[in-house]
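What follows is a short report on a single structure.
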Amino acid sequence: MNIFRLAGDMTHLFSVLVLLLKIHTIKSCAGISLKTQELYALVFTTRYLDIFTDFISLYNTVMKLIFLGSSFSIVWYIRRHKIVRRSYDKDQDTFRHYFLVIPCLVLAVFINHKFTFKEVMWTFSLYLEAVAILPQLVLLQRTRNIDNLTGQYVFLLGAYRALYILNWIYRHFTEPHYVHWITWIAGVVQTLLYADFFYYYFQSWKNNEKLQLPA
Amino acid sequence: VGESTEHDEL
Numbered sequence: 001m002n003i004f005r006l007a008g009d010m011t012h013l014f015s016v017l018v019l020l021l022k023i024h025t026i027k028s029c030a031g032i033s034l035k036t037q038e039l040y041a042l043v044f045t046t047r048y049l050d051i052f053t054d055f056i057s058l059y060n061t062v063m064k065l066i067f068l069g070s071s072f073s074i075v076w077y078i079r080r081h082k083i084v085r086r087s088y089d090k091d092q093d094t095f096r097h098y099f100l101v102i103p104c105l106v107l108a109v110f111i112n113h114k115f116t117f118k119e120v121m122w123t124f125s126l127y128l129e130a131v132a133i134l135p136q137l138v139l140l141q142r143t144r145n146i147d148n149l150t151g152q153y154v155f156l157l158g159a160y161r162a163l164y165i166l167n168w169i170y171r172h173f174t175e176p177h178y179v180h181w182i183t184w185i186a187g188v189v190q191t192l193l194y195a196d197f198f199y200y201y202f203q204s205w206k207n208n209e210k211l212q213l214p215a
Numbered sequence: 001v002g003e004s005t006e007h008d009e010l
């Protein structure tokens, strides 16, 4: 474990907690894409298949349970909670899951480190995580008004993967056999997808104005 | 040693 990875995990944890807090306290999911949340639940499910078979550390297991629990409860809140569901904008959140899931699945079958079920599922979860934010970014551009918590949520999500890139660079130099080029490529693609959001986020923060994404 | 596919990251 290195500081970059710990900072990345904490940022990721914080992003999920910010979202849960927003939905739980103000009982609203305005501006939140259910599609992205469902994709994240799928990412964690396919990535943590080994949660009960391979024990890595208490930290690793606890964090996996938190990510699984929080992502499914966010989906539950938006789908089932009698108050929260009313603020879900299903007419705007129309991104088709299968446009992302199917290409990632096909890619994972052909490009992976080892052709076993668990390894293909793990690789699928990496590819899917890289693009899972797209429905959310599309929704933000459609609804144009981005409330602070949603903006912070997306920012933290992008920051966590950027910190992971630093972690991979660090591990590449400190651990001889640490080779996970698939992870590195997926991670860089994921972070690049946030690049334009980061640009507008910093612009709005610098000019101290409301965050607006171009149509 | 080949690429270790043991995934210790989240």
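Here the protein sequences line up with chains A and B, keeping their order. The first sequence begins at 1 in the numbering used here and counts up by one. The second sequence begins at 1 in the numbering used here and counts up by one. For glycine and all other residues, C-beta sits at the position ideal for the given N, C-alpha and C.
Alpha-carbon spacing of residue i relative to residue j, whole angstroms
{"i": "A:C104", "j": "A:M121", "result": "10 angstroms"}
{"i": "A:G187", "j": "A:V131", "result": "10 angstroms"}
{"i": "A:F115", "j": "A:D54", "result": "18 angstroms"}
{"i": "A:T46", "j": "A:K82", "result": "29 angstroms"}
{"i": "A:L17", "j": "A:H97", "result": "24 angstroms"}
{"i": "A:D91", "j": "A:T36", "result": "15 angstroms"}
{"i": "A:I66", "j": "A:I102", "result": "27 angstroms"}
{"i": "A:L134", "j": "A:Y127", "result": "13 angstroms"}
{"i": "B:E3", "j": "A:H113", "result": "Confidence at B:E3 is low in this model, with a pLDDT of 46, below 50, so the placement of that residue should be treated as unreliable; the coordinate-derived value is given next. Cα to Cα, the separation comes out at about 8 angstroms."}
{"i": "A:L139", "j": "A:Q203", "result": "20 angstroms"}
{"i": "A:H180", "j": "A:S57", "result": "20 angstroms"}
{"i": "A:W184", "j": "A:D196", "result": "20 angstroms"}
{"i": "B:V1", "j": "A:H177", "result": "Only weak support is given to the placement of B:V1: the predicted model assigns it a pLDDT of 37, under 50, and the value that follows is read from those uncertain coordinates. Going by the C-alpha atoms only, they are around 7 angstroms apart."}
{"i": "A:F117", "j": "A:F124", "result": "10 angstroms"}
{"i": "A:V62", "j": "A:E209", "result": "38 angstroms"}
{"i": "A:D147", "j": "A:D89", "result": "15 angstroms"}
{"i": "A:V154", "j": "A:I111", "result": "28 angstroms"}
{"i": "A:E38", "j": "A:E119", "result": "21 angstroms"}
{"i": "A:L21", "j": "A:H172", "result": "36 angstroms"}
{"i": "A:G69", "j": "A:E175", "result": "32 angstroms"}
{"i": "A:A215", "j": "B:E6", "result": "43 angstroms"}
{"i": "A:K267", "j": "A:L137", "result": "The structure shown does not extend to residue 267 of chain A, since chain A spans only 1 to 215, so no value can be given for it."}
{"i": "A:L19", "j": "A:V109", "result": "32 angstroms"}
Integer Cβ distance of residue i from residue j, believed to fall under 8 angstroms
{"i": "A:G158", "j": "A:F198", "result": "6 angstroms"}
{"i": "A:V189", "j": "A:E129", "result": "Rounded, the Cβ-Cβ distance is 10 angstroms, inconsistent with contact."}
{"i": "A:Y170", "j": "A:F4", "result": "6 angstroms"}
{"i": "A:I23", "j": "A:V84", "result": "6 angstroms"}
{"i": "B:L10", "j": "A:N167", "result": "The pair is not a contact, with the Cβ atoms about 11 angstroms apart (cut-off 8 angstroms)."}
{"i": "A:S87", "j": "A:Y40", "result": "At roughly 19 angstroms, the Cβ-Cβ gap does not stay under 8 angstroms, so A:S87 and A:Y40 are not in contact."}
{"i": "A:L192", "j": "A:G151", "result": "No, A:L192 and A:G151 are not in contact; Cβ-Cβ is about 19 angstroms, not under 8 angstroms."}
{"i": "A:Y200", "j": "A:L213", "result": "6 angstroms"}
{"i": "A:L34", "j": "A:D93", "result": "6 angstroms"}
Residue i (DSSP reduced to helix, strand or coil)
{"i": "A:D50", "result": "helix"}
{"i": "A:C104", "result": "helix"}
{"i": "A:P135", "result": "helix"}
{"i": "A:R96", "result": "coil"}
{"i": "A:T150", "result": "helix"}
{"i": "A:M1", "result": "coil"}
{"i": "A:N207", "result": "coil"}
{"i": "A:D89", "result": "coil"}
{"i": "A:F115", "result": "coil"}
{"i": "A:V18", "result": "helix"}
{"i": "A:H172", "result": "helix"}
{"i": "A:E38", "result": "helix"}
{"i": "A:N167", "result": "helix"}
{"i": "A:H180", "result": "coil"}
{"i": "A:Q141", "result": "helix"}
{"i": "A:Q190", "result": "helix"}
{"i": "A:A195", "result": "helix"}
{"i": "A:G31", "result": "coil"}
{"i": "A:A215", "result": "coil"}
{"i": "A:I56", "result": "coil"}
Neighbour list for residue i in chain D, Cβ cutoff strictly below 7 angstroms
{"i": "A:D9", "result": "The displayed structure is made up of protein chains A and B, and chain D is not among them."}
Check: residue i C-beta below 6 angstroms from any heavy atom of the ligand PLP
{"i": "A:T183", "result": "No copy of the ligand PLP occurs in the structure displayed, which carries no ligand at all."}
Would you be able to state if there are at least three C-beta pairs under 8 angstroms between the segment 45-56 of chain A and the segment 15-35 of chain A? no
Any chance the segment 146-165 of chain A sits against the segment 8-27 of chain A, with 3 or more Cβ pairs inside 8 angstroms? In short, these stretches touch, since the Cβ pair count reaches three.
Count the CB pairs spanning the segment 64-83 of chain A and the segment 142-153 of chain A that are closer than 8 angstroms, and state whether there are at least three. no
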